[in-house]
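Everything on this sheet refers to the single structure shown next.
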Amino acid sequence: MAFRTARNLAYFSNYIRNYSTNGPLVNVTVNEKSGFATATLQRPSVNSLNLELLTEISHTLQQLEKNKCRGLILTSASNKVFSAGLDLFELHKPNADKIKQMWSTLQEVWIKLYGSSYPTVAVVNGHAPAGGCMLALSCEYRVMLNNFIIGLNEAQIGFSAPMWLIDGMRNTIGSRQAEFALTAGTLFKTEEALKIGLVDEVAQSKEEAIEKAEKFLNKFAKIPPHARSMTKAALRGANIQALVRNKDEEVRSYVDFVTDSQFQDSLGEFIELNLKQKLSK
Amino acid sequence: MAFRTARNLAYFSNYIRNYSTNGPLVNVTVNEKSGFATATLQRPSVNSLNLELLTEISHTLQQLEKNKCRGLILTSASNKVFSAGLDLFELHKPNADKIKQMWSTLQEVWIKLYGSSYPTVAVVNGHAPAGGCMLALSCEYRVMLNNFIIGLNEAQIGFSAPMWLIDGMRNTIGSRQAEFALTAGTLFKTEEALKIGLVDEVAQSKEEAIEKAEKFLNKFAKIPPHARSMTKAALRGANIQALVRNKDEEVRSYVDFVTDSQFQDSLGEFIELNLKQKLSK
Amino acid sequence: MAFRTARNLAYFSNYIRNYSTNGPLVNVTVNEKSGFATATLQRPSVNSLNLELLTEISHTLQQLEKNKCRGLILTSASNKVFSAGLDLFELHKPNADKIKQMWSTLQEVWIKLYGSSYPTVAVVNGHAPAGGCMLALSCEYRVMLNNFIIGLNEAQIGFSAPMWLIDGMRNTIGSRQAEFALTAGTLFKTEEALKIGLVDEVAQSKEEAIEKAEKFLNKFAKIPPHARSMTKAALRGANIQALVRNKDEEVRSYVDFVTDSQFQDSLGEFIELNLKQKLSK
């Protein structure tokens, strides 16, 4: 297990440093003592998920997997927004080919993060609507700061969250709450999110949130990593396989939907009425 | 969207009025301001689901779908019984062909109500055993008056709720509570039903219940209807498709079961011992 | 229904008595008044599930099914350990053919107990890690004595609980809690297990636990047994069928896994560090 020796940790740490230089939208650091990586999203201004950021997240996850990461903390460089979700400006009057790549990369991010062999925590240190909530949900644990919002508000924007994300929501907060939340496109305040189980803990500062995240990761210190990853694969594998089987079909269907004028009208209206307002709160 | 213009609302309202004249077992009114329809079951004396009532409910749901209903409140004209469920007197010493049509129409009602594109609320203003509970469960929200009972008591009557109804129960109250409730055929009092999540709110009067139902429906006022219905289809589609695939097979199996002497004996006993007593409470 | 006449009860009771003489690892008694059977595991010292005990449990369940048992209470003759789970000493440096038979018989025990036509209660009167928790989970109700531990700690031992057991855990405590519990291999104290729903009631003595178990079984006194078993089959059938389809494949995969040196190393370490300590608490 490469990660368990100081030499390999150092190697990995260097590797990540080089990699971060090439791709500045995600900053990855590794705590050499614990072996935990922290991946910080830092695409100005609100970590909107465009193709470049999604590709870099996907690449980061692949490197962490390859280097036998012992645990990941996913967080944001902004102190206002964890991630604003899919870059709606790129979905508006889009290039169909770019939409295709975006959606396909979004699927890859879910597959790699939801299905990672290592334990994962989201430190939600800002708003997390739609794709931001998706990133948080794909982790195993969520610590959130006060006075932010989180939720799958896709219905408000004019479309439906994909099946794998709906399943992720259901597995987290249960079928009943998921139906309420998804049909209304609800954005929950931190305390509400805690109450329904959409987040696991609340912290008063990013430092406190990181501590809580590390405490969660440390729970697994004595579990043989291969047994833990087998167990996680057994728990999450069926959902991932369902997406893998349906990947291309789903991409086609989303591209058709997004490029349709009905959605474009809804989206245009949503951007006008809500977007800047929501994100500037 | 037909429903959004006054002209079309009036047309729909007239249409329903004519339709109601032809089939007096369900009374449908439309609030022209909100666009919400209220369907009131009014088959004397306890809204037992016989073939005629089931057919009329199914027809009503189809018309609401066609006319782009903005929301449905399902309730009862009785102040004692929401619906007593399948008409057990028709299941007792039955005509096999009628049973076949009844079950097939019951499936249609579930498919149309559970899968409706518009939001739905049951105002449970009376007892709701078995098929009565099924109607309530197929809505998205349940407001119930005090001092009544609701539940899937099929096991008490001598058979099993069908798979789609079991799934509906599980999605509402969770697997654990559903197993308890279904194996014991439990009928819950209003307050117990609220506690386990089988109903969402309690009201002191039908008027208050209708207000709460409208408040629920109004939550979706700003959600684009096509996005909401896509989301609902994603959430509920798998269960509906499972029934659609198994529809004929299930009809055959229920007809065989119901016409068998073992069930007929159980049913005869149940009718003697419980039925009038339960419903006259 | 054989069980309902005194003559047949006596016959069954005798039969079981003879059977128990042949297989002394499970003691079965039948309360002639209630028709409830009590199966007491009595393999010294901690009811570790070796091939012999698993075979006898499987045989017992088959006889109970054949003789139309009205309800089963599963408990332990030890006042410290309900069951310590799979006999890890037999998994350590194993005979591959014996492992194959053990796993296959474990599957049979699950299929027969989880899918029994009669209602089942575990009186957990001692520690119940791993396979001990599995036996408890496969019942419909769990009454546990204070100051013991229960849970699926397979990840700690170095492997993953099988899919059917994961599903059993999810159906009992929900997806979210199941993921936490399984990835950490958590062993819960009695009060914690009650809180998350892993057990249903706590008792202060075995006598009180048996009373509570009988009270649970008596809830079904007026439910026609065939309707109850149909309902249970509808609720649990899909999970059982999934295992039946995958039975041989799973056996092969577990034998390969268990005989691999990586698992043997983990297991050796676990036995050294934890086993005697945990069980002697």
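So the protein sequences, as listed, match chains B, X and C. Numbering follows my numbering, in which position 99 of the first sequence is assigned residue number 99; successive positions increment by one, without gaps. Going from the second sequence to my numbering is simple: count from 1 and add 281. Going from the third sequence to my numbering is simple: count from 1 and add 562. Backbone N, C-alpha and C define an ideal beta-carbon position, used for all residues, glycine too.
Reference residue 414(X); option with closest CA among 398(X), 389(X), 447(X): In the second sequence, the residue the question calls residue 414(X) occupies position 133. For residue 414(X), the nearest C-alpha among the options comes from 447(X).
Cα-Cα separation, residue 788(C) to residue 317(X): In the third sequence, the residue the question calls residue 788(C) occupies position 226. In the second sequence, the residue the question calls residue 317(X) occupies position 36. Take the alpha-carbon of residue 788(C) and the one of residue 317(X): they are about 43 Å apart.
One or two residues paired with residue 330(X) in a DSSP bridge: The residue labelled residue 330(X) in the question sits at position 49 within the second sequence. DSSP lists 367(X) as partners of residue 330(X).
Closest by C-alpha distance to residue 531(X), when choosing among 389(X), 466(X), 432(X), 542(X): Mapped onto the second sequence, residue 531(X) falls at position 250. With distances taken between Cα atoms, residue 531(X) lies closest to 389(X).
Residue-level contact to chain X via CB, residue 163(B), 7 Å cutoff: Here residue 163(B) refers to the residue found at position 163 when the first sequence is read from its first residue. It does: the Cβ of residue 163(B) has a partner Cβ on chain X nearer than 7 Å.
Assigned exposure category for residue 594(C) - 16 Cβ within 10 Å defines buried: Walking along the third sequence from the start, residue 594(C) turns up at place 32. The residue is exposed, with fewer than 16 neighbouring Cβ atoms inside 10 Å.
Any C-beta of chain B under 7 Å from that of residue 375(X): Position 94 of the second sequence holds residue 375(X). No, its Cβ sits nowhere closer than 7 Å to a Cβ of chain B.
Residues of the region 437-465 of chain X whose Cβ lies closer than 9 Å to any Cβ of chain C, in chain order: 437, 438, 439, 440, 441, 442, 443, 444, 447, 451, 455, 456, 457, 459, 460, 461, 463, 464, 465
For residue 129(B): DSSP bridge partner residues: Position 129 of the first sequence, counted from the start, is the residue given in the question as residue 129(B). BP columns for residue 129(B) point to 151(B).
Buried or exposed by the 16-neighbour rule on C-beta atoms within 10 Å, applied to residue 576(C): For the purposes of this step, residue 576(C) is taken as residue 14 along the third sequence, with counting starting at 1. With a pLDDT of 35 at residue 576(C), under the threshold of 50, the modelled position of that residue is not reliable, and no figure is offered here.
Beta-carbon spacing of residue 387(X), residue 335(X) below 7 Å: Mapped onto the second sequence, residue 387(X) falls at position 106. Mapped onto the second sequence, residue 335(X) falls at position 54. For residue 387(X) and residue 335(X), yes; Cβs fall inside 7 Å.
Where residue 220(B) meets chain C, residues with beta-carbon distance less than 8 Å: Residue numbering aside, residue 220(B) sits at position 220 when the first sequence is read from its first letter. Per Cβ cutoff of 8 Å: 745, 746.
Beta carbon proximity, residue 630(C) to chain X, threshold 7 Å: On the third sequence, position 68 is the one that residue 630(C) refers to. Judged by the 7 Å Cβ criterion, residue 630(C) is not in contact with chain X.
For residue 308(X), the three-state DSSP class (helix, strand or coil): What you label residue 308(X) is simply residue 27 of the second sequence in a count that begins at 1. Residue state, collapsed to three classes: strand.
The region 254-267 of chain B contacting the region 740-752 of chain C, beta-carbon criterion three pairs below 8 Å: no
Contacts of residue 543(X) in chain E (Cβ-Cβ under 8 Å): No chain E appears in this structure, whose protein chains are B, X and C.
Residue 266(B) at chain X interface by Cβ criterion, 7 Å: Here the question's residue 266(B) lines up with position 266 in the first sequence. Judged by the 7 Å Cβ criterion, residue 266(B) is in contact with chain X.
C-alpha gap between residue 624(C) and residue 676(C), whole angstroms: Taking the first residue of the third sequence as position 1, residue 624(C) is located at position 62. Taking the first residue of the third sequence as position 1, residue 676(C) is located at position 114. If you draw a straight line from the Cα of residue 624(C) to the Cα of residue 676(C), it is about 12 Å long.
Per DSSP, cross-strand counterpart(s) of residue 423(X): Taking the first residue of the second sequence as 1, we reach residue 423(X) at position 142. Under the DSSP definition of a beta bridge, residue 423(X) partners with 403(X).
Outcome for residue 261(B) when other beta-carbon atoms lying within 10 angstroms are tallied against a minimum of 16: Numbered from its first residue, the first sequence carries residue 261(B) at position 261. Residue 261(B) comes out exposed.
DSSP three-state assignment for residue 748(C), whether helix, strand or coil: Residue numbering aside, residue 748(C) sits at position 186 when the third sequence is read from its first letter. In the displayed model, residue 748(C) falls within coil according to three-state DSSP, outside both helix and strand.
Length of the line joining the Cα atoms of residue 123(B) and residue 27(B): Your numbering for residue 123(B) matches position 123 in the first sequence. Your numbering for residue 27(B) matches position 27 in the first sequence. Near 14 Å, if we compare the C-alpha coordinates of residue 27(B) and residue 123(B).
Outcome for residue 302(X) when other beta-carbon atoms lying within 10 angstroms are tallied against a minimum of 16: Reading the second sequence from its first residue, position 21 is the one you call residue 302(X). Residue placement at residue 302(X) is poorly supported in this model, since its pLDDT is 40, which falls under 50; the coordinates are not used for a value here.
Cut-off 7 Å between Cβ atoms - residues of its own chain near residue 562(X), not counting five sequence neighbours on either side: Residue numbering aside, residue 562(X) sits at position 281 when the second sequence is read from its first letter. Note that residue 562(X) has pLDDT 46, beneath the 50 cutoff, so the model's placement of it is unreliable and the number below is only indicative. Cβ neighbours of residue 562(X) beyond the five flanking positions: none.
Selected residue, minimal CA-CA separation from residue 662(C), among 830(C), 613(C), 780(C), 779(C): Numbered from its first residue, the third sequence carries residue 662(C) at position 100. Per the Cα distances, 613(C).
Residue-level contact to chain B via CB, residue 504(X), 7 Å cutoff: In the second sequence, counting from the first residue as 1, residue 504(X) sits at position 223. Yes, its Cβ sits closer than 7 Å to a Cβ of chain B.
Interface flag, residue 234(B) vs chain C, CB-CB below 7 Å: Numbered from its first residue, the first sequence carries residue 234(B) at position 234. Yes, residue 234(B) counts as interfacial toward chain C.
Interfacial residues, the region 469-482 of chain X to chain B, with Cβ spacing under 7 Å: 478
Check whether residue 680(C) and residue 631(C) have beta carbons under 7 Å apart: The count along the third sequence starts at 1 and reaches residue 680(C) at position 118. The count along the third sequence starts at 1 and reaches residue 631(C) at position 69. In this structure, residue 631(C) lies closer than 7 Å to residue 680(C) by Cβ.
Short Cβ contact (7 Å threshold) for residue 357(X) with residue 406(X): Locating residue 357(X) in the second sequence gives position 76, counting from the first residue. Locating residue 406(X) in the second sequence gives position 125, counting from the first residue. Contact flag set, yes.
Contact check, residue 193(B) vs residue 145(B), beta carbons under 7 Å: The residue labelled residue 193(B) in the question sits at position 193 within the first sequence. The residue labelled residue 145(B) in the question sits at position 145 within the first sequence. Not a contact, by the Cβ cut-off of 7 Å.
Short CB-CB distance (under 7 Å) between residue 792(C) and chain X: Residue numbering aside, residue 792(C) sits at position 230 when the third sequence is read from its first letter. Yes, contact with chain X.
Cβ contact check for the region 227-242 of chain B and the region 85-105 of chain B: 3 or more pairs under 8 Å: Judged by Cβ distances under 8 Å, the region 227-242 of chain B makes no contact with the region 85-105 of chain B, as fewer than three pairs qualify.
Given residue 693(C) as reference, the closest of 649(C), 757(C), 783(C) once Cα atoms are compared: Within the third sequence, numbered from 1, the residue matching residue 693(C) stands at position 131. If we check each option's Cα against that of residue 693(C), 649(C) comes out closest.
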